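Right, one structure below, let's go through it.
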Amino acid sequence: MPKFKFGKDQRLLKASEFQEVFDLNTFKISHPNWLLLAKFNGDRESRLGLVIGKKNIPTAVGRNFIKRLVRETFRKSDLPHSIDVIFLARKGADKLSARDMALLLQESWCRLRQRCNDSKAKNA
RNA sequence: UGAGUUGACUAGGCAAUCGCUGCACUGAACUCUCCAACAUUCGCUUGCGUUUUUAGGGGAACAGGGCAGAGGAAAGUCCGGGCUCCAAAGGGUAGAGUGCCAGGUAACGCCUGGGGGGCGAAAGCCUACGGAAAGUGCCGCAGAGAUUAGACCGCCGAUGGUUCGUUCGCGAACACAGGUAAGGGUGAAAAGGUGCGGUAAGAGCGCACCGCGCUGCUGGUAACAGUAGUGGCAUGGUAAACCCCACUCGGAGCAAGACCAAAUAGGUUCCCAUAUGGCGCGACCCGCGUUGGGGACGGGUAGGUUGCUUGAGGCAAACGGUGACGUUUGUCCCAGAUGAAUGAUUGUCCACGACAGAACCCGGCUUAUCGGUCAACUCACUUU
Numbered sequence: 192m193p194k195f196k197f198g199k200d201q202r203l204l205k206a207s208e209f210q211e212v213f214d215l216n217t218f219k220i221s222h223p224n225w226l227l228l229a230k231f232n233g234d235r236e237s238r239l240g241l242v243i244g245k246k247n248i249p250t251a252v253g254r255n256f257i258k259r260l261v262r263e264t265f266r267k268s269d270l271p272h273s274i275d276v277i278f279l280a281r282k283g284a285d286k287l288s289a290r291d292m293a294l295l296l297q298e299s300w301c302r303l304r305q306r307c308n309d310s311k312a313k314n315a
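Numbered per the working numbering, the first sequence spans residues 192 to 315.
Here's what the structure looks like:
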């Protein structure tokens, strides 16, 4: 089976699922243009949730642009299993070019993977 | 060829790989779920309810290949409708909107055609364009005076007054009473304009033409235009100031509305028990905990399903109409998401790609926008 899928199992769908990550997040990865919150979720597949406010990104085209890039990089990044992530957009995220943004996002996913591995090693 | 006007169309293309959403099709087994012949448990009202299970069938999920997948503005939410729920005899008031005429339309504040006014050399463009003798309000500065108009400079001083002269008829001077809206000056605007007559000087005081009002006639469905007569011109502007007149409008919106419905708490009702009891933990006893327990019903939260895309639909042709548009026939099915899909990477070509993302659906308007294509028309120049 090829990797890099992105079905409904890999997304946060309900308000309660979002709230769980907001309340119990164990990792925070910050960047001037966005913020990542994450927590382990047991034995499930990793899931992604997007929070892109109209206040921060005013145009619908901008919001779609960010959603697509984040999903694309999330699906291609080789994250460890069983982690829920929320992506919060900050102001100015839509000003970056697609190529720059993709690179920066990949960097963020790398940092998140690193943190996960460290934490797992500690617990073991 | 250049400059311009109007209208219509288009919105990077192609290939490969990976990914998302929907639809129909195919598919071995497992899992979940629904229906369920036959069989089966229990109950009694003895043919029904109920328990369990299965042949078989449906759905979810999964896999496979196939097909489809944002806009001209999807936007602003400024108008108008459909649809849904609520309200509703009829009439009036309030409030909001519209405002030359005729037509189109489901409807409109939109569109088409026509009229008036303004701009442009022209094609063409702009136009809230009803009423100011129903009433109220406002009109800064400047200016003598701004709507019951007005005398600063100027002009006149016929008439009256004063002074002088006198041939006693009157003449001259003064600018005092006054007369005067022609000229100057102020202003966006000074009480119709120009010319001639007239006069002391002037004035629609009289006349001609133009303008304006009224009345008639002609053309036009009408707005209106043309024309004849007449009035002697009397009362400026502002109604996107209040207002008056005519016409239109019930309210809320897909988070409308409909259906299914866990857990927890509470409600109604029935049954059992009422403490040596009941319930939970457990195979059972002891033990520990608890003080009611069990069932049914309806409301209803999380969540889910539906509304949800076949429509005042698109395309083509013929016919009617100046046109907006209408009629008929044929043909096509063209996003339906719901933390919300329509994308990413690479290669390649060129004019190097703007504004920008469906959210119940349509008709408009407005605003944003890199470019490209086509048609009709106007003007200028050149050639024939």
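Beta carbons: idealized from backbone N, C-alpha and C, even for Gly. No experiment lies behind these values; they were computed from the predicted model shown.
Burial state of residue i (16 or more Cβ within 10 Å)
i           : result
residue 254 : buried
residue 197 : exposed
residue 252 : exposed
residue 299 : buried
residue 289 : exposed
residue 284 : buried
Residue range of the unbroken alpha helix (DSSP H) whose run includes residue i
i           : result
residue 171 : Missing from the structure shown is residue 171; the chain here goes from 192 to 315 and no further.
residue 210 : 206-215
Residue interval of the beta strand (DSSP E) (run including residue i)
i           : result
residue 284 : First-last for residue 284: undefined, no H or E at that position.
residue 218 : 218-222
residue 231 : 225-231
Per DSSP, cross-strand counterpart(s) of residue i
i           : result
residue 240 : 277
residue 202 : 239
Residue i, DSSP secondary structure in three states
i           : result
residue 247 : coil
residue 310 : helix
residue 288 : coil
Residue nearest to residue i in terms of C-alpha spacing, selected from the options
i           : options               : result
residue 211 : 225, 201, 236 and 240 : 240
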